[in-house]
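Heads up: the structure comes next, in structure tokens.
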Amino acid sequence: MNTEVIWKLGEIIFLFNLILVLVVVVFERRNPTATLTWILLLVFMPVLGFLLYIFLGQNLRRERRFHLKEEEEQRILPLLARQDVCLHENRLEFNDPRTGDYQDLIHMHLLNSYSLLTQDNKVEVFDNGPDLFEQMLVSLKEAKDFIHMEYFIIRNDSLGQLMMEVLTEKAKQGVDVKLLYDGMGCIRLPRRFFKQLQQAGGQTAVFFPPFLPYLNFRINFRNHRKICIIDGQEAYVGGFNIGDEYRGLSRRFGFWRDTHVKIRGSAIDTLQLRFLLDWRFATQASLPEKDKYFPMRREEGSTAVQIVFSGPDLKYAAIKYGYLKLIDKARHNIYIQTPYFIPDSSLLDALKIAALSGVDVRIVIPYKPDHFYVYWASLSYLGELLEAGVRCYMYKRGFLHSKFILTDGFASSVGTANFDIRSFNLNFEINAFIYDQKVSGQLEEQFLRDLDYCVEITGETYAYRPLSNRIKEGFFRLLSPIL
């Protein structure tokens with residue numbers, strides 16, 4: 001290859017990158033930190049930066065495929081409008097008067113995430129895989145009408161195969177089985193894994209399927225939701241995927257600490273709506289008219305729940321905004337568990353303000369990393385939090401994958417969203433915002449028990465960490481907007 005050809009090729013690459021820089025800066029209206037990161041990559045590593053942008057830099061907010069169609073809005077929006085009016089006029093009655101203290105948060109979720117407040121729910125908390133999957137398998141085997149499941153990761157191992165056996169048997173019995181899985185999370189899963197289920201009449205679909213094997217142009221956008229709905233009568237949502245590692249059978253991690261909830265009550269309807277919207281996107285099918293997906297049910301309990309979803313297709317980061325509201329309204333304590341801690345500046349400042357205001361703020365992250373780059377980026381944020389009075393811990397009993405925030409022993413959020421930029425801006429996530437003293441009390445008890453398996457990071461130990469750690473932390477923090 002002669003010099004002239006090389007120069008021409010360089011000019012073409014430079015032109016492409018110049019166009020991309022203009023797109024990033026002028027048209028995308030990204031967070032300034034993320035914008036600067038992309039510009040640096042495109043300018044100083046043009047070939048790599050171009051390839052990374054193709055795979056990681058797309059913006060989905062303009063894609064109408066995710067949005068409700070007009071006829072779908074006509075079926076859903078009247079329900080939201082009625083509760084909106086009641087909230088505006090202070091006519092909404094709360095089972096627990098303390099729920100009224102969060103009326104502004106409830107109203108925000110109603111407008112931004114089609115999230116009705118339901119107050120007839122019974123919520124059960126699971127903190128380990130064996131108990132969760134034992135109960136979930138019982139629920140699946142008892143299904144009579146339909147099973148809808150949506151998961152980020154499904155493993156081809158003993159638990160995954162057992163789940164397929166149960167679903168296949170239910171499909172043979174005439175139960176309507178739909179299984180939606182993420183193309184990136186299940187990229188190594190062989191398609192024959194679903195063959196028996198499909199032959200039995202079950203339906204499967206892929207959210208963002210790979211363009212070619214192991215090549216996915218939507219690799220940066222992942223459906224991180226984990227939903228299981230049985231007959232519209234009970235549902236599961238939280239941090240557990242489907243695989244043996246989530247039962248604590250991984251040699252690498254051992255015990256797997258996570259949080260999941262089982263819900264009985266009207267909150268299931270919002271979970272069902274979200275599943276059907278995601279199914280419609282993956283299959284291009286219309287929302288079904290079947291009332292059986294939204295059955296009448298007897299009142300199960302009195303717990304107030306809002307199901308809140310967020311993703312790169314939505315105008316506002318609903319779950320992040322919910323976290324900001326919870327932090328701002330806290331007066332006594334804020335307890336957070338997350339496997340990945342990469343807050344943006346708004347969340348970081350909110351936590352510091354809370355701690356400086358005398359609120360007891362505690363954060364637990366894993367001691368063992370599963371993704372080294374996220375691990376080092378997470379550690380980089382702890383120093384300024386420690387200076388503000390936040391107490392930080394590392395969980396040493398296996399791996400901590402739990403994702404929840406709890407404030408003042410009453411308001412909490414449990415779900416699929418990590419406390420990081422990816423979950424708030426890039427992933428498709430779903431959380432249950434729960435306003436209830438009993439459920440929050442269970443979460444608080446578990447949080448405090450977990451501290452027995454933690455080592456606390458003090459300002460002194462953090463200040464004297466090795467130079468090599470500081471270098472890794474600083475480097476990966478620079479990349480945190482796109483991790």
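Okay, so the sequence shown: first residue is 1 according to the numbering used here, each after it adds one.
All residues carry an ideal CB built from backbone N, CA and C; glycine is no exception.
Closest by C-alpha distance to residue i, when choosing among the options
| i | options | result |
| --- | --- | --- |
| residue 293 | 332, 230, 319, 280 | 230 |
| residue 330 | 316, 319, 360 | 360 |
| residue 328 | 357, 112, 318, 251 | 357 |
| residue 437 | 333, 302, 255, 409 | 409 |
| residue 158 | 429, 326, 249 | 249 |
| residue 269 | 478, 235, 288 | 235 |
| residue 185 | 392, 474, 206, 174 | 206 |
| residue 445 | 108, 127, 110 | 127 |
| residue 179 | 336, 204, 278, 173 | 204 |
Contact set for residue i: own chain, Cβ-Cβ below 7 Å, skip 5 residues either direction
| i | result |
| --- | --- |
| residue 171 | 177, 197, 200, 201, 202 |
| residue 151 | 181, 226, 241, 242 |
| residue 95 | 119, 302, 304 |
| residue 332 | 359, 360, 408 |
| residue 404 | 259, 337, 412, 413, 414, 443 |
| residue 100 | 94 |
Span of the beta strand (DSSP E), counted from its first residue to its last, around residue i
| i | result |
| --- | --- |
| residue 310 | 303-310 |
| residue 95 | It is not in any beta strand (DSSP E) - residue 95 carries neither H nor E in the DSSP assignment. |
| residue 373 | Where residue 373 is concerned, there is no enclosing beta strand (DSSP E), although the alpha helix (DSSP H) it sits in stretches over 372-380. |
| residue 333 | 333-337 |
| residue 249 | Unbroken run through residue 249: none, as it is neither H nor E. |
| residue 205 | 203-207 |
| residue 390 | Per DSSP, residue 390 belongs to no beta strand (DSSP E) and is neither H nor E. |
| residue 323 | Element bounds for residue 323: not the beta strand (DSSP E) but the alpha helix (DSSP H), 318-329. |
| residue 260 | 256-264 |
| residue 148 | 146-151 |
Residue i versus residue j: straight-line alpha-carbon distance, rounded
| i | j | result |
| --- | --- | --- |
| residue 217 | residue 242 | Annotation note: pLDDT 48 at residue 217 (below 50); position unreliable, no value reported. |
| residue 193 | residue 223 | 20 Å |
| residue 480 | residue 381 | 11 Å |
| residue 156 | residue 132 | 19 Å |
| residue 419 | residue 343 | 6 Å |
| residue 140 | residue 375 | 36 Å |
| residue 214 | residue 461 | At residue 214 the pLDDT is 49, less than 50, meaning the model places this residue with poor confidence; the figure from the coordinates comes in the next sentence. Roughly 42 Å between the two C-alpha positions. |
| residue 464 | residue 354 | 26 Å |
| residue 522 | residue 351 | Because the chain spans 1 through 483 in this model, residue 522 falls outside it and cannot be assessed. |
| residue 472 | residue 372 | 10 Å |
| residue 390 | residue 362 | 6 Å |
| residue 108 | residue 435 | 15 Å |
| residue 164 | residue 426 | 29 Å |
| residue 406 | residue 162 | 34 Å |
| residue 281 | residue 274 | 11 Å |
| residue 447 | residue 339 | 14 Å |
| residue 244 | residue 137 | 14 Å |
| residue 454 | residue 397 | 8 Å |
| residue 286 | residue 106 | 29 Å |
| residue 168 | residue 195 | 10 Å |
Under 8 Å between C-beta atoms of residue i and residue j
| i | j | result |
| --- | --- | --- |
| residue 247 | residue 130 | yes |
| residue 123 | residue 261 | yes |
| residue 264 | residue 233 | yes |
| residue 443 | residue 237 | no |
| residue 423 | residue 432 | no |
| residue 365 | residue 341 | yes |
| residue 452 | residue 395 | no |
| residue 377 | residue 476 | yes |
| residue 413 | residue 335 | no |
| residue 266 | residue 469 | no |
| residue 189 | residue 154 | yes |
| residue 276 | residue 295 | no |
Nonlocal neighbours in the same chain, by C-beta distance under 6 Å from residue i, ignoring five residues either side
| i | result |
| --- | --- |
| residue 258 | 239, 240, 401, 402 |
| residue 318 | 112, 113, 308, 310 |
| residue 98 | 410 |
| residue 387 | none |
Enclosing alpha helix (DSSP H) for residue i [first to last residue]
| i | result |
| --- | --- |
| residue 282 | 268-283 |
| residue 138 | 129-141 |
| residue 352 | 345-356 |
| residue 226 | Taken as a continuous stretch (DSSP letters only), residue 226 belongs to no alpha helix (DSSP H), as it is neither H nor E. |
| residue 439 | 437-450 |
| residue 182 | Segment 176-182 is the beta strand (DSSP E) holding residue 182; no alpha helix (DSSP H) there. |
| residue 362 | Where residue 362 is concerned, there is no enclosing alpha helix (DSSP H), although the beta strand (DSSP E) it sits in stretches over 360-366. |
| residue 168 | 158-172 |
| residue 468 | 467-478 |
Residues near residue i by beta carbon distance below 8 Å, same chain, minus five either side
| i | result |
| --- | --- |
| residue 348 | 381, 384, 385 |
| residue 428 | 207, 221, 222, 223, 224, 225, 278, 309, 310, 311, 312, 313 |
| residue 474 | 380 |
| residue 457 | 382, 386, 392, 393, 394 |
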